[in-house]
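Student: Take a look at the following structure, please.
In full-length UniProt numbering, the protein residues as written are 1 to 358.
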């Protein structure tokens, strides 16, 4: 899938025989040039001008489908044109990042399952990529969230210990967030008048979350967000869950596609599904809540970014100034927290919405 210059098709023809190779590309100029290149090299595999999303039924079933472009979901035609126990191999992308390779084994009932592998990012499929995943001018959307945003935002600003640099730049982090915070991209803006640096998250529905950095913040950052989704909350929750899993790399993630085309992402084992985190904007009168971690019977301390080895024994929540403690059954069980305050799901149970201590 994706003929390009014909180089991959030529390698496969040399390895398998030219009669065993079919290659598709949507652009007639590419298929024409690829045929010339292959002929010059002494090979003549089947070269078809066609939409790769539809595959090529006349040559099916295939033992392998190899895509040379990235996808974020799989066309049904691919699974339908691979024989049982055949493989589909393709680069992967999300709106967050284009990174990772995926190898899927196809079952007789049309289901497919496999693991991701590092590296392998590439351009997206031209016809299969949704028409509008993100705003056309994300930088502009980020800049317009300027002074006076608090009055216009759908939720009050909040402070978090999760640094913008922690969720951008690292391939493993970006890969996981791309799977669990859907249809969301990020952008850095250094041209705004309100702050030297602005980090913004944005989605196709117009939701935006932004952090302004003036060079002074070290451990806490103010997040302003607006729109139907609370992108700052979703990212904070997804990052906390990623750290609770031990900061898994790409290779610990997998994908299952059911016969009805449902895509299910999992980590380590297909039974351990990773559900997307989506949080609609709440009512404005939601009570503020804070979390602290109890290191011993006398001392409360926050976890700082970078102190990832800390495993507090007990978690206590404080809501409107009133302490809320774990039950006797839960006391002493380890709680794993990754950012300054865990999002919601710890080893001592599911708690109300956490925030950094004020």
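C-beta atoms are modelled at their ideal positions from N, C-alpha and C, and glycine is treated no differently. These figures come from a predicted structure and were not determined experimentally.
Between the alpha carbons of residue 263 and residue 49, how many angstroms are there, rounded?
Tutor: Taking the chain shown and counting its residues from 1, the one referred to as residue 263 is at position 263. Taking the chain shown and counting its residues from 1, the one referred to as residue 49 is at position 49. Between residue 263 and residue 49, the C-alpha separation is close to 29 Å.
Student: Does DSSP put residue 199 in a helix, in a strand, or in coil?
Tutor: To locate residue 199, count along the chain shown from 1; it is residue 199. Note: residue 199 maps to strand in three-state DSSP.
Student: On a CA-only basis, which of 29, 19, 33 and 26 is nearest residue 7? Give me that one, please.
Tutor: Numbered from 1 along the chain shown, position 7 holds the residue referred to as residue 7. Out of 29, 19, 33 and 26, 33 has the C-alpha closest to the C-alpha of residue 7.
Student: Consult DSSP for residue 18 and reduce its assignment to one of helix, strand or coil.
Tutor: In the chain shown, the residue the question calls residue 18 occupies position 18. Here residue 18 sits in helix by DSSP.
Student: For the region 92-104 and the region 172-191, state whether three or more C-beta atom pairs, one from each stretch, are separated by less than 8 Å.
Tutor: Yes: the two stretches touch, three or more of their Cβ pairs being nearer than 8 Å.
Student: Compute the Euclidean distance between the alpha carbons of residue 283 and residue 208, then round it to the nearest angstrom.
Tutor: Start at 1 with the first residue of the chain shown, and residue 283 comes out as number 283. Start at 1 with the first residue of the chain shown, and residue 208 comes out as number 208. Residue confidence is low: residue 283 scores 37 on pLDDT, short of 50, so the model does not pin down where it sits. No coordinate-derived value is stated.
Student: Can you give me the Cβ contacts of residue 253 inside the same chain, cut-off strictly under 6 Å, excluding the 5 residues immediately before and after it?
Tutor: Stepping through the chain shown from its first residue, residue 253 is reached at position 253. Counting only Cβ-Cβ distances below 6 Å, and skipping sequence neighbours, we find 116 and 267.
Student: Do you know whose CA, among 223, 261, 221 and 167, lies nearest residue 238's CA?
Tutor: Counting from 1 along the chain shown, the entry for residue 238 is found at position 238. Nearest of 223, 261, 221 and 167 to residue 238, Cα basis: 167.
Student: Per DSSP, which residues does residue 91 bridge with? Please list them.
Tutor: Taking the first residue of the chain shown as 1, we reach residue 91 at position 91. For residue 91, which the question treats as bridged, DSSP gives the partners 101.
Student: List the whole-angstrom C-beta distance separating residue 77 from residue 53, where the pair is believed to meet the contact cut-off of C-beta under 8 Å.
Tutor: Working through the chain shown from its first residue, we reach residue 77 at position 77. Working through the chain shown from its first residue, we reach residue 53 at position 53. Confirmed, Cβ separation roughly 7 Å.
Student: How far does the beta strand (DSSP E) with residue 66 in it reach, from first residue to last?
Tutor: If you number the chain shown from 1, residue 66 lands on position 66. Where residue 66 is concerned, the enclosing beta strand (DSSP E) stretches over 62-66.
Student: So, residue 44 versus residue 23, is the Cβ gap smaller than 7 Å?
Tutor: Indexing the chain shown from 1 puts residue 44 at position 44. Indexing the chain shown from 1 puts residue 23 at position 23. Taking 7 Å as the Cβ cut-off, residue 44 and residue 23 do not qualify as a contacting pair.
Student: Residue 122 by DSSP, collapsed to three states: which one?
Tutor: Locating residue 122 in the chain shown gives position 122, where the first residue counts as 1. Reduced to three states, the DSSP call for residue 122 is coil.
Student: Helix, strand or coil: how does DSSP classify residue 173 here?
Tutor: The count along the chain shown starts at 1 and reaches residue 173 at position 173. In the structure shown, residue 173 sits in a helix (DSSP, three-state: H, G or I).
Student: One question on the structure: do residue 258 and residue 107 come within less than 7 Å of each other, judged by their Cβ atoms?
Tutor: Translated into the one-based positions of the chain shown, residue 258 becomes position 258. Translated into the one-based positions of the chain shown, residue 107 becomes position 107. Their beta carbons are not under 7 Å apart, which means residue 258 does not touch residue 107 by this criterion.
Student: Using only alpha-carbon positions, find the residue among 51, 38 and 88 that is nearest to residue 62.
Tutor: Stepping through the chain shown from its first residue, residue 62 is reached at position 62. Taking only the C-alpha atoms, the option nearest residue 62 is 88.
Student: Is it buried or exposed for residue 240, if we count other Cβ within 10 angstroms and need 16 for buried?
Tutor: Working through the chain shown from its first residue, we reach residue 240 at position 240. When all chains shown are included, residue 240 counts as buried.
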